[in-house]
Amino acid sequence: MAEGAIGVDLGGSHVMAAVVDEIGQISTRFEHDISDRTPSAVFAALTGVVKAAIDAAKHDVVGIGIGAPGNVDPVSGTIRFSPNFGWENVPLGERVKEAFPRYRVFVGNDARCATLGEYVHGVGQGTQEFSLLTLGTGIGGGVITGGNVALGYQMGAGEFGHHQIRPDTGFVCSCGKVGCFEAQASGTGLIRHAFRLAPSFPRSTLLDGPRERLGSKAIRKAAQAGIPHGVAAFNAFCDDLALGLANVIAFVNPEVIALGGGVSSAGDFLLDRVRPLVEARTTMVPRGTTKIVRATLGNDAGAVGAATAAMRGGLFAQAPPASSRDVSAA
Ligand SMILES: [Zn+2]
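Just add 5 to wherever you are in the sequence shown, counting from 1, and you've got this note's numbering.
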């Protein structure tokens, strides 16, 4: 029987467990909404979908990989802090191992897992220097350098979302700083640009209706349709996105930067605007040498990467020999 693993994408409002095979294909998935964010409630939701996935698997399941938001110690599987859940030092890996003692368990940061997934099974294949940026509610990211996932001293490498690009004039970020890349250039950032520019478009109906129902998609569509308010918001957003991307190039000089998340659905409409803006801001690296492309695994990147990490015994971009595969959180 082919080998596979359970890949879990744990988010603040939703958990998904998928059966993932060695080539990164998902055969089946189970999902559960999360409203109670206490560790015991989240753990119950998580074990429910994991158990369903194990039962449904037609593979020889070797492990369970979990991508979770926040700062995660991938050796112990402890979530050191997670603003999404309001958690500190929750030993998630240990508890999952207790519930599923037959399996290797790996817990890592969701964005690092997505980076590994996109690198091993998506658009990052074939390069040694790769960065992923997921433009969703926030900006998640990760770096592959020299063919390995960069983790940093305290697992903080790749937190591109919280470098400030507009510290004087930007939006307040969820982390408390002003003008973080995430506050300016995530899907939420696009909406905020539209609100900031609204006084210049008094006849615009773009922001009519309840604010909680307004998504970045409406603004992106308006921009694509040539509606002036949408175009202005999208252009402001692209300026900020390009600022951050040029910084990423200065930090880690990737060969490929992949953009994922809802906003990246705009495809060439986004990329054609952003590429020249990034080039104009690139100084110490030959211009135009970093390819900026769309990520290919979409929302599945995190689960695929987490499963890959479980199969490999860690966030290894190259599979280590079987004998050296250690069991995290065992
Ligand atoms: Zn921030």
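Even glycine gets a Cβ: it sits at the ideal position worked out from N, Cα and C.
Just so you know, these numbers come straight off a predicted model, no measurement behind them.
- Assigned with DSSP and collapsed to three states, F86 falls in strand.
- In the displayed model, H37 falls within a strand according to three-state DSSP.
- Taking every protein chain shown into account, the CB of T43 has fewer than 16 other CB atoms within 10 angstroms, so this residue is exposed.
- An exposed status is given to G231, since fewer than 16 other beta-carbon atoms sit within 10 Å of its beta-carbon.
- Ranked by how close their Cα comes to the Cα of Y158, the residues F256, L121 and D78 have D78 in first place.
- With respect to P74, S87 sits close: the two C-beta atoms are nearer than 8 Å.
- The beta carbon of A190 sits no closer than 7 Å to any heavy atom of ligand 1.
- In the three-state DSSP reduction, T288 falls in the coil class, being neither helix nor strand.
- The shortest CA-to-CA distance from P233 to any of A251, L211 and A22 is the one to L211.
- The criterion of a C-beta distance shorter than 8 Å is satisfied by V261 and V128.
- The alpha-carbon separation between L137 and K56 amounts to approximately 30 Å.
- Closest option to L246, judged by alpha-carbon separation, among V154, E8, G143 and R85: G143.
- In the DSSP assignment, S136 falls within the beta strand (DSSP E) that extends over F135 to L140.
- Contact between the stretch 20-35 and the stretch 59-69 is present: 3 or more CB-CB pairs across the two stretches fall below 8 Å.
- If you check the CB distance, I170 and F186 come in under 8 Å.
- Of all alpha-carbon atoms in S221, A263 and G272, the one lying nearest the alpha-carbon of A116 is that of A263.
- The alpha-carbon separation between Q189 and V47 amounts to approximately 30 Å.
- Annotated three-state conformation of E27 is coil, per DSSP.
- A contact is defined here as three or more CB-CB pairs under 8 Å, and the stretch 292-299 fails this definition with respect to the stretch 160-167.
- Contact between A255 and R225 does not hold, since their C-beta atoms are separated by about 27 Å, which reaches or exceeds 8 Å.
- Pairing A62 with A312 gives a Cβ-Cβ distance that is not under 8 Å.
- When only Cα atoms are considered, A199 and G214 end up about 14 Å apart.
- A straight line joining the alpha-carbon of Y108 with that of G53 spans about 16 Å.
- Contact between G141 and G266 holds, with the beta-carbon distance rounding to 4 Å and staying under 8 Å.
- In the three-state reduction of the DSSP assignment, F105 falls in the coil class, being assigned neither a helical nor a strand state.
- Nearest to G131 by alpha-carbon distance, out of K296, R317, A314 and A315, is K296.
- A check of alpha carbon separations from R280 across M316, N304 and C243 identifies C243 as the nearest.
- Unbroken alpha helix (DSSP H) stretches of 4 residues or longer found wholly inside the stretch 253-303: 273-286, given in chain order.
- Taking 8 Å as the cut-off, the beta carbon of E103 is found no closer than this to the beta carbon of G82.
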